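Residue numbers (this note's numbering): -10 to 211.
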C-alpha cells in the first residue's frame, strides 16, 4: 500500500475555525475518504486548556480561552509559532499513541537541528527541549485511533505571552523559541518545509500531497 500524506498550509487562521476543520477531517479520515493529513498554521493569540488541567487562575487581557479535548494543561498559541494538527490513522500506521508522540518529537528535533539546535526529550513532559528550556509542546486527542490536535513549535513566538499562564504545568521562564536561541528571526516557511520533509521521512510516507486552504473544499465535499 502506498502511504500518502496530505499537507495543508492554512496560514494564519482563527482557532475555532481550525478546530472545526479538524473535526470534519477526522470524520473523513475515519471513513477512508482522505489520507493522513498534516495541517500547518499559525493562530492569533489564544489560550487553550487541556484535559489534565484541574483548575487555573486566569488573569488575562482580551485573549480568547478555550477548553479543548487534547491532553496536557494550559498552553498559548500566537503568531510566530508553527502549529501542526495531525489527522493520522494510527492503526493503519501500525503504531500506538506513545510511539507516535516519540515520532513527533523526532520530527521536531530533526527540524531544529537544521538551525544548529540540539533538541532532546524530558521524561513526563512530551515535547522538545533545548538548553534547559522547552521549545515545542505536544498535545493529542484520539477518536477511534484517529489523532487530532498535535504540536506547537516556537519559532519567532513572543514568549512574553506564556507569562499569562503556567504552560504545560511549567514556569513561563522555561519556554524558549528558535529565535531566542539563535538571537535572530528565522523564516517560518523554511521551518514548514523542514517539518514536512521530516514528517514524511520519520513516519515513512511514500507520497506527499501538498494543498492550500482554498483546496480544502474539495475534501470537505466528498
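Virtual Cβ for every residue (Gly too), placed ideally from N, Cα, C.
Every value quoted in this text rests on a predicted model; they were computed, and no experiment measured them.
From the DSSP output, in three-state form, read off residue 3 for me. Stepping through the chain shown from its first residue, residue 3 is reached at position 14. Coil.
Let's test the definition: count the other Cβ atoms within 10 Å of the Cβ of residue 31 and tell me whether it reaches 16, buried, or not, exposed. Counting from one through the chain shown, the residue named residue 31 turns up at place 42. Counting other Cβ atoms within 10 Å of its Cβ, residue 31 reaches 16 or more and is therefore classed as buried.
Using beta-carbon positions only, say whether residue 185 and residue 136 come within less than 8 angstroms of one another. Along the chain shown, one-based indexing puts residue 185 at 196. Along the chain shown, one-based indexing puts residue 136 at 147. No, the Cβ-Cβ distance between residue 185 and residue 136 is not below 8 angstroms.
Using 8 angstroms as the Cβ pair cut-off and three pairs as the minimum, do the stretch 123 to 131 and the stretch 162 to 181 touch? Three or more beta-carbon pairs drawn from the stretch 123 to 131 and the stretch 162 to 181 are found closer than 8 angstroms, and the two stretches are therefore classed as touching.
Kindly list the residues whose CB is nearer than 6 angstroms to the CB of residue 106, restricted to its own chain and excluding five residues on each side of it in sequence; keep chain order. Stepping through the chain shown from its first residue, residue 106 is reached at position 117. Scanning its chain for C-beta atoms nearer than 6 angstroms, with the 5 sequence neighbours on each side dropped, one finds around residue 106 the residues 119, 170, in chain order.
Does DSSP put residue 192 in a helix, in a strand, or in coil? Translated into positions along the chain shown, residue 192 becomes position 203. The three-state secondary structure of residue 192, taken from DSSP, is coil.
Determine the DSSP secondary structure at residue 18, reduced to helix, strand or coil. Counting from one through the chain shown, the residue named residue 18 turns up at place 29. Helix at residue 18.
Taking 8 angstroms as the threshold (C-beta atoms), are residue 150 and residue 8 in contact? Residue numbering aside, residue 8 sits at position 19 when the chain shown is read from its first letter. Residue numbering aside, residue 150 sits at position 161 when the chain shown is read from its first letter. The criterion of a C-beta distance shorter than 8 angstroms is not satisfied by residue 8 and residue 150.
Curious, which full-length alpha helix (DSSP H) runs of at least 4 residues does the stretch 59 to 116 contain? Secondary structure within the stretch 59 to 116: the alpha helix (DSSP H) runs of 4 or more consecutive residues, fully enclosed, are 79 to 82, 86 to 102 (chain order).
Exposed unless 16 or more other CB atoms sit within 10 angstroms - verdict on residue 195: For this step, residue 195 is matched to residue 206 along the chain shown. Label assigned to residue 195: exposed.
I'd like to know whether the C-beta atoms of residue 79 and residue 27 end up nearer to each other than 8 angstroms. Taking the first residue of the chain shown as 1, we reach residue 79 at position 90. Taking the first residue of the chain shown as 1, we reach residue 27 at position 38. No, they are not a contact pair.
Integer Cβ distance of residue 36 from residue 57, believed to fall under 8 angstroms: Residue numbering aside, residue 36 sits at position 47 when the chain shown is read from its first letter. Residue numbering aside, residue 57 sits at position 68 when the chain shown is read from its first letter. Rounded, the Cβ-Cβ distance is 10 angstroms, inconsistent with contact.
Looking at the unbroken alpha helix (DSSP H) that takes in residue 167, where does it start and where does it end? Within the chain shown, residue 167 is the residue found at index 178, counting from 1. For residue 167, the enclosing alpha helix (DSSP H) has its first and last residue at 167 to 171.
Look at the alpha carbon of residue 192 and the alpha carbon of residue 83, and state the distance between them as a whole number of angstroms. Position 203 of the chain shown holds residue 192. Position 94 of the chain shown holds residue 83. Roughly 10 angstroms between the two C-alpha positions.
Applying the 10 Å Cβ sphere with the 16-neighbour rule, what's the burial state of residue 46? Counting from 1 along the chain shown, the entry for residue 46 is found at position 57. The predicted model places residue 46 with a pLDDT of 49, which falls under 50 and marks its position as unreliable; any figure quoted below should be read in that light. Counting Cβ neighbours within 10 Å, residue 46 comes out exposed, since fewer than 16 surround it.
Have a look at the DSSP bridge pairing and note the partners of residue 199. Numbered from 1 along the chain shown, position 210 holds the residue referred to as residue 199. According to DSSP, residue 199 shares a beta bridge with -4.
Buried or exposed: where does residue 4 fall if 16 or more other Cβ atoms within 10 Å of its Cβ makes it buried? The sequence position of residue 4 within the chain shown is 15, counting from 1. Buried, by the Cβ-count rule.
Can you tell which of 73, 128, 103, 183 has the C-alpha that lies nearest to the C-alpha of residue 114? Translated into the one-based positions of the chain shown, residue 114 becomes position 125. The residue among 73, 128, 103, 183 with its C-alpha nearest the C-alpha of residue 114 is 128.
Under the rule that 16 or more other beta-carbon atoms within 10 Å means buried, what is residue 1, buried or exposed? Your numbering for residue 1 matches position 12 in the chain shown. Counting every other CB atom within 10 Å of its CB across the protein chains shown gives residue 1 a total below 16, marking it as exposed.
Measure how close the beta-carbons of residue 153 and residue 65 come, nearest whole angstrom, since I'm counting them as under 8 angstroms. Position 164 of the chain shown, counted from the first residue, corresponds to residue 153. Position 76 of the chain shown, counted from the first residue, corresponds to residue 65. About 7 angstroms; that satisfies the 8 angstroms criterion.
For residue 46, does the three-state DSSP call read helix, strand or coil? What you label residue 46 is simply residue 57 of the chain shown in a count that begins at 1. At residue 46 the pLDDT is 49, less than 50, meaning the model places this residue with poor confidence; the figure from the coordinates comes in the next sentence. If DSSP states are grouped into helix, strand and coil, residue 46 belongs with coil.
Out of curiosity, what's the CA-to-CA distance linking residue 172 and residue 144? For the purposes of this step, residue 172 is taken as the residue at position 183 of the chain shown. For the purposes of this step, residue 144 is taken as the residue at position 155 of the chain shown. Looking at the two C-alpha atoms, the distance is approximately 11 angstroms.
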